[in-house]
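Structure first, commentary second.
Protein chains: 2
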Amino acid sequence: MSDVYIVGVDMIKFGRFPEKTVPQLGAKAALMALDDAGLKIQDMQALYCGNLGQANAMVGQRILQEIGQTGISVVNCANACATGATAFREAWMSIKAGVFDCVLAVGVEQMGRGLLGGGGGGSGISKEGLLGSGTMPAVFAEAGMEHARNHGTTFEQFAKVSVKNHHHSTMNPKAMYQIETPLETVMNSEMISYPNTKLMCSVNVDGSAAAVLVSEKKAKELGMGRAVKVLASVLTSDPYTDRDLTMPDVNAVTRLAAKQAYEMAGVGPEDINLVELHDCFATAEILHYENLGLCKDGEAGRMIDDGDVALGGRIPVNVSGGLLSKGHPLGATGIANIYEVSTHLRGEADKRQVEGAKIGMTHVIGLGSACAIHILEKVA
Amino acid sequence: MSDVYIVGVDMIKFGRFPEKTVPQLGAKAALMALDDAGLKIQDMQALYCGNLGQANAMVGQRILQEIGQTGISVVNCANACATGATAFREAWMSIKAGVFDCVLAVGVEQMGRGLLGGGGGGSGISKEGLLGSGTMPAVFAEAGMEHARNHGTTFEQFAKVSVKNHHHSTMNPKAMYQIETPLETVMNSEMISYPNTKLMCSVNVDGSAAAVLVSEKKAKELGMGRAVKVLASVLTSDPYTDRDLTMPDVNAVTRLAAKQAYEMAGVGPEDINLVELHDCFATAEILHYENLGLCKDGEAGRMIDDGDVALGGRIPVNVSGGLLSKGHPLGATGIANIYEVSTHLRGEADKRQVEGAKIGMTHVIGLGSACAIHILEKVA
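As structure tokens, this is what we get:
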């Protein structure tokens, strides 16, 4: 099986773009990633598209209407908040399979249209679906409180996650927000579901991100200069049978994925230099320090207190600003994370650069449930 | 790369099941396919699910809630009427990639909920999407009339497709209908969009189908007795740039896919013993005889007149009854076609058996556009 390399990756600055269509937003990131690779749509053999709001409306094919209809294989994927990562993983799979050498993965979401945003066009989430806007704050509040009960984690520690990620985003020109949020501001913002205040909830934005994946043969042809190697790609679902999906176990699905990812990559948590993880709520980030093995169980509160997970710390987490400040356009998030980690591995992250980064990890969770983890490695 | 084998495949009898949920319908076919393989959900390493009506609602994961949550990789795919075939193809890809040895693919649709049915729950098609119920009859009527202008194809010849497929379905206990429709009845039924009358349009039903795909290593372990080999799996999109997708070129996308499929399989049209093709309208079937290379351009009318494409003819087409009489539950159709062809290759098609069938082809088109073709071969 061929190894798989990322040779182009980019994202648009996250924001609100009600004047654009979903395919237009996706096309923009696609062209940026192609430019980054020095390739054209005519060089691509397949497109994998991740979008949730118009999951049944052939968004991948409509992106090709914007940038060139070349007759290639197009697959549209949806997997809740793991949608973009799933599209990336299927692109990876198609190269691993030896079916293609050069594949484009695009993740895109327009949150104002349907979904959580509720307005405009778009198909909206099924009533029978699992993404009711009421359930997510409850799930992650409850999961945080369980951590507090077991390990004495404090409201202040949860809030510090938001302070850190907002600080990181002041150095990321592609983040939705570039503002500092002092601890008091975070703790005193509107309470959504204890212990998460409004500033501890992910930001509802439009966005898109894209990546060009190639086989080893093609990567060598192109020159490996800025290539990033995909060491692991895994996807798990809920491993239990005794619960209702309205309260998924966000820990179990991540622990299973982390175990598989480290095994596939042949590395351990101690080898990881930066992590973009699914901070859909501040409580979630705390849980995932432990779920991903970045520290031992019960040590997550100390990780945030000691600055281990801040830029300059032992293992910086969400240096992009994370979902809490960069923003969380559902279908785009998985590939935006891959953009962030790749940018550090290439040494191109400017002010927020994690110095000497050689291996990075991305993690997303889709309720319902899906957890995707990718481990990426610097090549040159 | 490992060859890929189908070791279990089944479908429910198509019909109307408003009392069931989409996951329940999908779970039923999944369990039937597992039974057919002599395997359990615990033996599966991944699930690929195709569903259009609730494409953003984690149908794959909800199927696992019905039959066992084992933590496996779940991907939800949507590709208009090629949705089920796309899920099957991604399952095939994951085995080709050497990532998995044993994968379940499920296609399911509940047409009464959302989509063309319009009632009940479900998310419905996006207003910005491409599947407006008004456009499909127009597209396939126009494409048929173009064939009539170029080749002198008659209303009667188009109508004979429906007579043939309804006759075939009288021998298929899993088809929605088992009734003969004489030529006069077909020609005198309500005119939908000339030259397609109501009996020349596909049937709006609920349905599900599933397949268990395995690697060569796993197939040998299980014994190859009833295994079917996947010789080719291809997926194309619209190869042009100068048109609007509201009138897709149903011919070009199929011709491109057929060329790729024959190349991948290393066989030609003369080697194919039966075809399940996308007769969403009677006109479409006529076009695809030529698009798939079953005859020369301009000979399709003669093919239906001479009985070449009927059971007992040179190359039987839609022996299942096709979309015109078996029914067309969008997300299920691609895998239901694979069930039909596999059943003949296994020699288990009873009254409608295509004698001595060794190689068969399935074809679906999703407007928007996507064309998936699979070529399957008898093993033992």
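Going line by line, the protein sequences match chains A and B.
Position in the first sequence (from 1) plus 26 gives the number in this note's numbering.
Position in the second sequence (from 1) plus 26 gives the number in this note's numbering.
Backbone N, C-alpha and C fix where the C-beta goes; we use that ideal spot for every residue, glycine too.
With at least 16 other beta carbons inside 10 angstroms of its own, A:E311 counts as buried.
In the DSSP annotation of this structure, B:K352 is not part of any beta strand (DSSP E), being labelled neither H nor E. In this structure A:I205 is exposed. Its beta-carbon is surrounded by fewer than 16 other beta-carbon atoms within 10 angstroms. Using a Cβ-Cβ cut-off of 9 Å, A:K404 is close to nothing in chain B; its nearest Cβ partner there is about 24 Å away. Inter-residue distance for A:A53 and B:L261 is about 21 Å (C-alpha atoms, whole angstroms). At a C-beta separation below 7 Å, B:C128 has no neighbours in chain A, since its nearest C-beta there lies roughly 15 Å away. Residues P221 of the same chain have their beta carbon placed closer than 6 Å to that of A:F181, with the five preceding and five following residues left out of the count. Residue contact check for A:P355 against chain B: no CB pair falls below 9 Å. A:S263 carries a coil assignment under DSSP once its states are collapsed to helix, strand and coil.
Bridge pairing for B:D232: B:G41 [DSSP]. Beyond the five residues adjoining it in sequence on each side, A:A284 comes within less than 7 Å, by CB distance, of N317, L318, G319 and I399 in the same chain, given in chain order. Check the Cα spacing between B:N82 and each of A:Q91, A:A104, A:G64 and A:E325: the tightest is with A:A104. Apart from the 5 residues on each side of it in sequence, A:M217 sits with its Cβ closer than 7 Å to the Cβ of T223 in its chain, given in chain order. Note that the segment 98-113 of chain A touches the segment 355-371 of chain A; at least 3 beta-carbon pairs, one per stretch, sit closer than 8 Å. Leaving aside the five residues that flank B:V405 on each side, the residues in its chain whose CB is nearer than 6 Å to its CB run, in chain order, M250, A253 and K255.
Against chain A, a Cβ distance below 9 Å from B:Y266 picks out Q95 and G97. For A:Y74, there is no enclosing alpha helix (DSSP H); the enclosing beta strand (DSSP E) has its first and last residue at A72 to G76. By the neighbour-count criterion, in which a residue is buried when 16 or more other Cβ atoms sit within 10 angstroms of its Cβ, A:G324 is exposed. Between A:G292 and chain B, the shortest Cβ-Cβ separation is not below 9 Å. Any Cβ of chain B closer than 9 Å to the Cβ of A:K46 would place that residue at the interface, and such an atom is absent. When secondary structure is reduced to three states using DSSP, A:I341 falls in the coil class, being assigned neither helix nor strand. Taking the Cα positions, A:H304 is about 26 Å away from A:I121.
Under the DSSP definition of a beta bridge, A:M217 partners with A:T223.
The three-state secondary structure of A:D36, taken from DSSP, is strand.
Using a Cβ distance threshold of 9 Å, B:V129 and B:L60 do not count as a contacting pair. Between the C-alpha atoms of A:H370 and B:P342 there is a straight-line separation of about 58 Å.
At the C-beta level, A:A326 and A:L337 stay beyond 9 Å of one another. Interface flag for B:C321 against chain A is unset, since no Cβ pair is found closer than 9 Å.
Taking the CA atoms as reference points, A:M162 sits about 25 Å from A:P44. Inclusion of B:S234 and A:S263 in the CB contact set at 9 Å is not warranted, their separation being larger than that value. Scanning A:G133, A:E247, A:H193 and A:M226 for the CA closest to the CA of A:S346 turns up A:H193. Taking a contact to require three or more Cβ pairs closer than 8 Å, the segment 291-301 of chain B and the segment 383-395 of chain B qualify as touching.
B:A185 and B:N277 have their alpha carbons spaced roughly 20 Å apart.
Any Cβ of chain B closer than 9 Å to the Cβ of A:R328 would place that residue at the interface, and such an atom is absent. For A:M202, the secondary structure class from DSSP, reduced to helix, strand or coil, is coil. Taking C-beta atoms under 8 Å as the contact rule, A:V229 and A:T207 fail to qualify, at a distance of about 12 Å.
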